[in-house]
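Okay, so here's the structure we're looking at.
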Amino acid sequence: MKRLIFRLHAQNRLIGPEGCVSIENFRLTWSFGPRCRDLNDGGRLGKKELISMCSTMHRVPALGLQRYCLLVLSSIFICLTVLAAVGKGQEEDSSPAALRLYQAAANAQNTGSYRFAVGEWEKLIKNHAKDPLVPKARYYLGICRLQVKDLAGAESAFTELIAKSPKFEMMEETLLNLGWCQYSIGQAGPKEKLVAAAETFKQLLAKYPRGSRANEAIYFRGEALYAVGDTAAAVTAYEQLITNFPESNLVGDATYALGVAQQEQGNQAQAIEVYDQFLGQFKTHMLVTEVRMRKGEVLLAQGNPADAAKLLEVVSRVQDFELADYALFRLAFAISEQEEFARAAGVYASLPVRFPKSAYVPQASMSVGRCWYRAAQWDKAEAALLTHAKNKNDPFYVEAVHWLARIRIQQKKPQEAQQLAAAAIAASGDNQVNFLDQVMLDLADALYAMPDNRNEAMQQYLRLVDKLPESPQAPQALYNATFLALELGQMNQVDALATRFGKAYPEDDLAADVQVVRAESLSQSQKYPAAETAFRKIIEGFAKHPEANNWRLRLAFNLFLQSKYGETV
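Residue 236 in the working numbering sits at position 222 of the sequence shown, with consecutive numbering throughout.
Following this line, the structure appears as structure tokens:
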């Protein structure tokens, strides 16, 4: 009997290969007499800005690398002839009418007339229910329904066959095909079918652990488990196939799937090991380019952008590779991770030239401006950012305005920064769009840069905290407001804002700095014992803070002002 090979190629599931820029330390620095304030000069990004840049520039929530799923199930699509398919002795036991239907169905199936064959098999089963040919008819009915993509009908035929003929001679193939039907249905819809598929493949393996179809059952059991989110069990299945059936033509696909599963579980070292195994063993496999790219992603996650860039550059130049644009996009990120921002900007800019229809074009265009900003090349950054900042309907409009406003502040043009930020806030209305918090902070910072507008700056800092208290920028804004209250001599306001910060953001990195501002307000109010107590508490609570020695100096100063010379020394 001749076997037909059924192949289906599909893709599924997003993964989140992510890189993240290193976080620079940031706080508003100041000294006393005279006091000064440093707002990210030289193009250096603050911690909170870097976090939000990471979430937009380097994480790709709407786009992503899809796991390739190669479904190669050698289903037993049997080409029938009456003499080949009818078992010895069955011809004598069957009625002439049943044999005629069987021959008609077999001829139709052999010539590819599967829909006609379905009808003939159904007639045989219905009209000759007790005929010995019925079990085979049910099996072939399932096969023909598979051929016409009637997966539910095929599942029904195989299920009925298993229930009514448990000793059917081709039970291994029947279980395999049933599991395949359930898996395929589950891929398109109800996940319960994927669970059922995993169970069916498990039954096959229990009955035929070393059967001719065991390797396929193990592989697709792993795929079904992976599809329902049981990645750990899927890993076990893939490893079982690789170990127990090393000659299977599915080992390459299982190795790929194992690497992806390890990658998604965050097992980076294991993923690298599996990908290296794949690249060494399956040099001509259709997925070899994607595996190189995935290895690059893992290297990025491990903090090795230099080696990642080498792989991604090779992958991005592979002709006709469908993810070459993604590889180029990630290459640019790997370069930026090495702080080669000018070079990264050039790679991002090349993406729309090489891949004008890529879904990554808008993100790459925006990233050009980000990189030039980080390179402190304001003119080039402005030119790139204006592409998005001129159109209020552009999805990156608010973010582009944010970076332009920061540029204007760096250029000592706070009035222009104020106008840009105010326009973006007005355009956003009541919508909490991405980067709205940043632009609100930009507006307050621009006002702060104009000495006559610092009371208004205070209001804008607090407006951000009131409107978006959960924003990553809210702690920074509240710290800025507390610091500004100190500068304005509003000591009662300092105490109130510091108390508010301690309640709202007790674990934030700026918590210690806020308490220092409060302690300094006490000192400037000549409340030296209270200031002493405050500084001692801060030093005790944040002994390993990089500013701890400066706080000790401030403590000593307050001790000196109380004539506690022994303790001062």
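Each residue gets a CB set at the ideal place from its N, CA and C atoms; glycine is no exception.
Could you give the distance in angstroms between the alpha-carbon of residue i and the alpha-carbon of residue j?
{"i": "S330", "j": "E354", "result": "19 Å"}
{"i": "A195", "j": "P110", "result": "Checking the sequence, you will find Cys at residue 195 rather than Ala. Straight-line Cα distance between these residues: approximately 33 Å."}
{"i": "A348", "j": "Y387", "result": "17 Å"}
{"i": "G236", "j": "E253", "result": "9 Å"}
{"i": "I552", "j": "Q284", "result": "43 Å"}
{"i": "D480", "j": "A438", "result": "19 Å"}
{"i": "S350", "j": "A378", "result": "12 Å"}
{"i": "F215", "j": "Y222", "result": "10 Å"}
{"i": "A112", "j": "V162", "result": "24 Å"}
{"i": "V367", "j": "L325", "result": "21 Å"}
{"i": "W417", "j": "N448", "result": "13 Å"}
{"i": "N405", "j": "V415", "result": "10 Å"}
{"i": "A373", "j": "V382", "result": "16 Å"}
{"i": "A231", "j": "A120", "result": "28 Å"}
{"i": "L455", "j": "A525", "result": "19 Å"}
{"i": "A346", "j": "A358", "result": "5 Å"}
{"i": "F556", "j": "P543", "result": "20 Å"}
{"i": "A322", "j": "L313", "result": "5 Å"}
{"i": "V361", "j": "Q352", "result": "14 Å"}
{"i": "S198", "j": "E336", "result": "24 Å"}
{"i": "I176", "j": "L165", "result": "16 Å"}
{"i": "Y153", "j": "F259", "result": "27 Å"}
{"i": "N407", "j": "E174", "result": "57 Å"}
{"i": "Y493", "j": "E521", "result": "13 Å"}
{"i": "R344", "j": "G193", "result": "38 Å"}
{"i": "V35", "j": "F549", "result": "Below a pLDDT of 50, predicted positions are generally treated as unreliable, and V35, at 24, falls in that range; no measurement from the model is reported."}
{"i": "Q217", "j": "R224", "result": "13 Å"}
{"i": "V531", "j": "S485", "result": "22 Å"}
{"i": "S170", "j": "G156", "result": "8 Å"}
{"i": "G200", "j": "V209", "result": "8 Å"}
{"i": "T303", "j": "A341", "result": "10 Å"}
Could you give the first and the last residue of the continuous alpha helix (DSSP H) run that contains residue i?
{"i": "T547", "result": "542-555"}
{"i": "Y475", "result": "468-481"}
{"i": "R129", "result": "128-141"}
{"i": "D451", "result": "450-462"}
{"i": "Q490", "result": "488-501"}
{"i": "Y252", "result": "245-258"}
{"i": "M380", "result": "375-388"}
{"i": "N191", "result": "185-202"}
{"i": "L524", "result": "No alpha helix (DSSP H) holds L524; DSSP gives it neither H nor E."}
{"i": "K150", "result": "148-161"}
{"i": "S330", "result": "319-330"}
{"i": "S364", "result": "355-368"}
{"i": "V415", "result": "411-424"}
{"i": "E278", "result": "265-278"}
{"i": "T401", "result": "392-403"}
{"i": "D290", "result": "282-295"}
{"i": "E230", "result": "228-241"}
{"i": "S109", "result": "Careful: S109 lies outside any alpha helix (DSSP H) and carries neither H nor E."}
{"i": "R224", "result": "First-last for R224: undefined, no H or E at that position."}
{"i": "V583", "result": "Segment: none, V583 is in no alpha helix (DSSP H) and carries neither H nor E."}
{"i": "T125", "result": "No alpha helix (DSSP H) holds T125; DSSP gives it neither H nor E."}
{"i": "S170", "result": "165-178"}
{"i": "T303", "result": "302-315"}
{"i": "P428", "result": "428-442"}
Given that a residue counts as buried once 16 or more other Cβ atoms are within 10 Å of its Cβ, and exposed if not, what is residue i?
{"i": "K517", "result": "exposed"}
{"i": "L399", "result": "buried"}
{"i": "E266", "result": "Looking at the sequence shown, residue 266 is not Glu but Gly. So G266 ends up on the buried side."}
{"i": "P370", "result": "exposed"}
{"i": "Q576", "result": "exposed"}
{"i": "V583", "result": "exposed"}
{"i": "M300", "result": "exposed"}
{"i": "L569", "result": "buried"}
{"i": "S226", "result": "exposed"}
{"i": "R566", "result": "exposed"}
{"i": "T269", "result": "buried"}
{"i": "N445", "result": "exposed"}
{"i": "N469", "result": "exposed"}
{"i": "N229", "result": "buried"}
{"i": "Q425", "result": "exposed"}
{"i": "D290", "result": "exposed"}
{"i": "K309", "result": "buried"}
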